[in-house]
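A.B. asks: Numbering (mature numbering (1 follows the signal peptide of the UniProt record, and there is no 0)), first residue to last: -27 to -1, 1 to 428. A virtual CB, placed ideally from N, CA and C, is assigned to each residue, including glycine. Model, not experiment: these values are computed from the prediction.
1. Which residues share a DSSP beta bridge with residue 315?
2. For residue 63, write down the residues that DSSP places opposite it in a beta bridge.
3. Threshold first: 4 residues or longer. Then list the alpha helix (DSSP H) segments lying entirely within the region 63 to 128, N to C.
4. Taking only the alpha-carbon atoms, compute the straight-line gap between residue 423 and residue 398 and give it to the nearest angstrom.
5. Let me check understanding here. Comparing Cα to Cα, which of 316, 375, 420 lies closest to residue 357?
6. If the criterion is Cβ atoms closer than 9 Å, does the pair residue 387 and residue 428 meet it?
7. Going residue by residue through the region 391 to 421, where are the continuous alpha helix (DSSP H) segments of at least 4 residues, counting only ones entirely within it?
8. Give me the Cβ distance between residue 116 and residue 232, rounded to the nearest whole Å; I'm assuming they're in contact under 8 Å.
9. What runs of the alpha helix (DSSP H), each 4 residues or longer, lie entirely inside the region 198 to 233?
10. In this structure, how does DSSP classify residue -1 when only helix, strand and coil are distinguished?
11. From the DSSP output, in three-state form, read off residue 177 for me.
12. Considering residue 307, what are the terminal residues of the alpha helix (DSSP H) in which it resides?
13. Are residue 367 and residue 355 closer than 9 Å when you measure CB to CB?
14. Any contact of the region 97 to 106 with the region 195 to 208, i.e. 3+ C-beta pairs under 8 Å?
15. Measuring straight from C-alpha to C-alpha, what distance separates residue 409 and residue 264?
16. Alpha carbons only, please: which of 14, 198, 17, 405 is nearest the one belonging to residue 454?
17. Spell out the partners DSSP gives residue 424 in its beta bridges.
18. Measure from the alpha carbon of residue 148 to the alpha carbon of each residue in 184, 169, 225, then state which is nearest.
19. Determine the burial state of residue 304: buried for a count of at least 16 other Cβ atoms within 10 Å of its Cβ, exposed for fewer.
20. Between the C-alpha atoms of residue 195 and residue 19, what's the straight-line distance to the nearest angstrom?
21. Locate the alpha helix (DSSP H) running through residue 157, then write down its first and last residues.
22. When the Cβ atoms of the region 214 to 221 are set against those of the region 289 to 299, are three or more pairs found closer than 8 Å?
23. Given residue 125, which residues of its chain have a CB within under 7 Å of its CB, disregarding the five upstream and five downstream residues?
24. Reducing DSSP to helix, strand and coil, say where residue 243 ends up.
25. Taking 8 Å as the cut-off, does the region 322 to 334 touch the region 275 to 295 (at least 3 CB pairs, one atom from each stretch)?
26. Out of curiosity, what's the CA-to-CA distance linking residue 33 and residue 91?
27. Taking the C-alpha atoms as reference points, what is the distance between residue 328 and residue 279?
28. Does the separation of the CB atoms of residue 245 and residue 346 fall below 9 Å?
29. What does DSSP give as the partner residues of residue 192 in its beta bridges?
30. Which residues bound the beta strand (DSSP E) around residue 265?
31. Would residue -7 be called buried (16 or more neighbouring beta carbons within 10 Å of its own) or exposed?
32. Exposed or buried, which one is residue 404 when buried takes at least 16 other CB atoms within 10 Å?
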């Protein structure tokens, strides 16, 4: 290639590059010349309406730390089996006003956990003390109430209608900074298996989410709430383009229950199962590779009454496709007891719709087989160990049952699962659902405690 020709190519490249730069700049930078009065595409008008609904939350409280005292020290020096230490703490997070008339603010449960005092600061500078109406640690949602006038609430979108690729904006207060806005797209839907919470059905986004964004808003370009920012995926708690939000539909269902009952009354389908993969699909001669496989239907459960059978593959809930069994579990648990649900089911190659009315997972007395197969033969209810410590009481136990074989006895009080404290049947169910591998039950029996292992 001669020198003259190379020079021509270089000049052409510079001209083309400059033209491309000019064209690119014209889409993002202010217009000049005769077009200076034209508006530049901007998210500002939408954000001017949405940002007043996103608040800063400051909390103060006391954390209780319990430490077991080694037996040799108790023997020589006496004293209790455990030491209790209380430490003050402060924290920051974000929240979203979802009802201006009632003063309802939604945030993450972990933002206000153990808080003795909660302060909400609006974008205009007004500050209010907040009352916690209820929380659900397993789904990481809490509902607060403030007494204030002239509030702005975010309209709530139908999160079942969002798609991968939709533009979204995250609004919150990262690192204690005043309100910050970042943008991105929906990267994935139905994310689970992250071990962030007990019930996982997250929206994944690449909009920058950092510490302090927890409880903030994920909105669409209409300024509607599609999710509550709840977690990040990064080596040091910083943004790496992977953030997660609780879908607005899941949030609204949980908040409605908290507002009405002061707690979440989980729905219960009454099945055991697993994810559908290529091997399982081939074995079942099914033409789907994702969904929830039903391995067992509990007797007298909502699933049994609706006609679900072992071997069914659930592919959608209320018309929304399922990606995994964990996603099904999260959706069912958040819908609430008594909810009517339409399941799309594949059975021996035939597609059908099944209507189910969910049971109450928080009922005080349950047959333990509904919670875990290894506990079959036991009947459980909310109770205590006689010393005022709440737990799960074994009220009845069948001889030679699976529950008896692992060592449970009548009048045992289950107080923990894998070192996690449980005080109710609902918490016990959630802890077992979240546990993987070998499960250790911490049991109070009379004046002593012991561990029973489920393999």
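C.D. replies: According to the data block:
1. Looking at the DSSP assignment, residue 315 forms a beta bridge with 328.
2. According to DSSP, which records beta bridges pairwise, residue 63 is partnered with 33.
3. 82 to 85
4. 19 Å
5. 420
6. Taking 9 Å as the Cβ cut-off, residue 387 and residue 428 do not qualify as a contacting pair.
7. 398 to 407
8. About 6 Å separates the two Cβ atoms, so the contact holds.
9. Here no run is fully enclosed.
10. Any reading at residue -1 needs caution, since the residue's pLDDT is 38, under 50, leaving its predicted position unreliable; the model's value is listed next. Note: residue -1 maps to helix in three-state DSSP.
11. strand
12. Taken as a continuous stretch (DSSP letters only), the alpha helix (DSSP H) holding residue 307 covers 298 to 308.
13. no
14. With the cut-off at 8 Å, the region 97 to 106 and the region 195 to 208 do not touch.
15. 20 Å
16. Any answer about residue 454 is impossible in this case: the structure gives the chain only from -27 up to 428.
17. 415
18. 184
19. buried
20. 7 Å
21. No alpha helix (DSSP H) holds residue 157; the beta strand (DSSP E) holding it covers 153 to 164.
22. Contact check between the region 214 to 221 and the region 289 to 299: fewer than three CB pairs, one atom from each, fall below 8 Å, which does not count as touching.
23. 25, 26, 70, 73
24. DSSP places residue 243 in coil when its eight states are reduced to three.
25. yes
26. 7 Å
27. If you take the alpha carbons of residue 328 and residue 279, they lie about 6 Å apart.
28. yes
29. 142, 198
30. Run containing residue 265: 265 to 270, per the beta strand (DSSP E) assignment.
31. Because residue -7 carries a pLDDT of 37, less than 50, the predicted location of this residue cannot be relied on, and no value is offered for it.
32. buried
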